[in-house]
Amino acid sequence: MPRLSGKTCLVTGAARGIGEAISRMFVAEGANVILTDIDVAAGRETARALDMPFFQLDVSSEADWQAIAREVLELDVLVNNAGITGFEGEMRAHDPEKAALSDWRAVHAVNLDGVFLGCRYAIGAMRVKQVGSIINISSRSGMVGIPAAAAYASSKAAVRNHTKTVALYCAEQGWNIRCNSIQPAAIMTPIWEPMFGDGPDRKERIAALVADTPMKRFGQPEEIAALAVLLASDEATYMTGAELTIDGGLLAGSAASAKR
Ligand SMILES: NC(=O)c1ccc[n+]([C@@H]2O[C@H](COP(=O)([O-])OP(=O)(O)OC[C@H]3O[C@@H](n4cnc5c(N)ncnc54)[C@H](O)[C@@H]3O)[C@@H](O)[C@H]2O)c1
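Using the working numbering, you'd call the opening residue of the sequence shown number 3 and step up by one each time.
Written out as structure tokens, the structure is:
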């Protein structure tokens with residue numbers, strides 16, 4: 003029996019990377035998936051391959067969420083996956099000393115406002131049945147300080163906290179609308195491209211990025227999707243307000259531990 007049979011799910015940032023993997027695995031588990039993204043060409047292509055509908059949705063736009071709310075009146079699962087590092091256009095300083103306020107705000111607009119708007123919409127669309135699962139993709143960067151990516155780290159930390167607020171609010175109303183967050187680290191997707199670069203040191207940069215990861219490899223988008231399936235399914239009906247780290251062991255200990 004497929005684990006998401008009959009469920010209507012909406013995934014943001016579904017055109018590629020983790021959102022694409024989640025959409026594909028949800029479909030394989032019997033769900034009807036509405037794929038959304040700002041990248042219309044790639045989003046349509048991914049949705050066509052899965053034979054599922056696509057909607058253009060900029061998660062930071064209240065008007066876009068209102069348009070979705072008019073189209074999709076009832077929902078069982080929302081995955082707030084869309085996110086940016088702020089390095090997409092060009093590699094600019096994002097440390098606490100030199101980061102521009104406009105860059106700080108742009109990252110929070112997508113990563114935090116987007117999750118707030120998504121949760122607000124989902125509560126409305128799940129209210130009818132009083133059952134549902136909201137899954138917020140936060141990050142390991144929301145659990146520790148990241149000197150070179152201050153806005154990203156701050157926005158992802160806030161997502162963890164808002165997840166708990168939504169979980170408690172829904173429980174207070176007596177609804178079975180659950181809200182949980184996933185904290186991935188080092189998952190091989192295009193989000194890393196600006197940080198890898200295409201110079202001669204690309205290989206070394208990739209190696210350096212996983213050097214502190216106990217499992218010594220990047221994770222795959224499907225490994226995040228498997229966790230999203232669990233949270234979306236009726237196997238997780240007692241889980242709400244939880245934080246699930248999936249990071250190859252990165253947060254399990256300190257890189258400064260003594261060598262044997
Ligand atoms: N890859 C990792 O190592 C990693 C680690 C921790 C957390 N995450 C988080 O996982 C999520 C997915 O990341 P990914 O690695 O698949 O990234 P990605 O860059 O490969 O994909 C992100 C998708 O989001 C879309 N998007 C960007 N801005 C948007 C907006 N305003 N509205 C709607 N869609 C928008 C992009 O078009 C793209 O399709 C993000 O929230 C990211 O922060 C990723």
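Ideal Cβ placement from N, Cα and C applies to all residues, glycine included.
Beta-bridge partners of Arg180 (DSSP): Ser135. Taking C-beta atoms as the reference points, Thr247 and Cys181 fail to come closer than 8 Å. A distance below 8 Å between beta-carbons, with the five flanking residues on each side excluded, links Pro216 to the following residues of its chain, in chain order: Gly250, Gly251, Leu252, Ala254 and Gly255. Three or more Cβ pairs drawn from the region 181 to 194 and the region 221 to 238 lie within less than 8 Å of each other, which places the two stretches in contact.
Between Ala150 and His110 a beta carbon distance of about 17 Å is seen, past the 8 Å cut, so the two are scored as non-contacting. In the displayed model, Ile40 falls within coil according to three-state DSSP, outside both helix and strand.
In this structure, Phe56 is the residue among Gly32, Phe56 and Ala43 with its C-alpha nearest to the C-alpha of Val13. A contact between stretches requires three or more CB pairs, one per stretch, nearer than 8 Å, and the region 144 to 162 fails this requirement with the region 122 to 136.
DSSP, reduced to helix, strand and coil, places Pro98 outside both helices and strands of the structure shown, so it counts as coil.
The three-state secondary structure of Asn113, taken from DSSP, is helix. Assigned with DSSP and collapsed to three states, Gly19 falls in helix.
Relative to ligand 1, the beta carbon of Gly88 is positioned no closer than 7 Å to any heavy atom.
Excluding five sequence positions before and after Ala127, the CB atoms of its chain that fall closer than 6 Å to its own CB belong to Glu76 and Leu77, given in chain order.
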